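Residue -15 is where the sequence shown starts when you use my numbering, and the numbers rise one by one after that. Even glycine gets a Cβ: it sits at the ideal position worked out from N, Cα and C. On a predicted model such as this, the values are computed, not experimentally measured, just so you know.
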Amino acid sequence: MFGIIEKTVIFEDVTLAENLLKKGKTYLDNVINKTVSVEVSAADLHNLDATIDAFKIGDNVRIISRPHRLRQILLVE
-15 MFGIIEKTVI FEDVTLAENL LKKGKTYLDN VINKTVSVEV SAADLHNLDA TIDAFKIGDN
45 VRIISRPHRL RQILLVE
């Protein structure tokens, strides 16, 4: 409903709500601001099966690369 949840982060030493908010924001700033750019060659299966959507600029595409330990949804640019 609200997006993809990658993992749970627990701050064991936090007892006050305002400290939890600060630590949470700091954590998100460090994680979210990482820019990922991947150049790939991909087979667009739309030409073989019309029920499969073609890739278009602006699409969000799930990328899975086991050797690179990458499993994300990225924007097609």
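Inter-residue CB distance, V60 and D37 (contact presumed, cutoff 8 Å): Their Cβ separation, rounded to whole angstroms, is 11 Å, which puts V60 and D37 out of contact at 8 Å.
Where L32 sits in the DSSP three-state scheme: coil
Same chain, Cβ closer than 8 Å to I62, five either side skipped, listed in chain order: The requested residue 62 is not part of the displayed model; the chain covers only -15 to 61.
Reduced DSSP secondary structure (H/G/I, E/B, other) of I41: coil
Integer-rounded CB distance, given that V(-7) should sit under 8 Å from Y11: 6 Å
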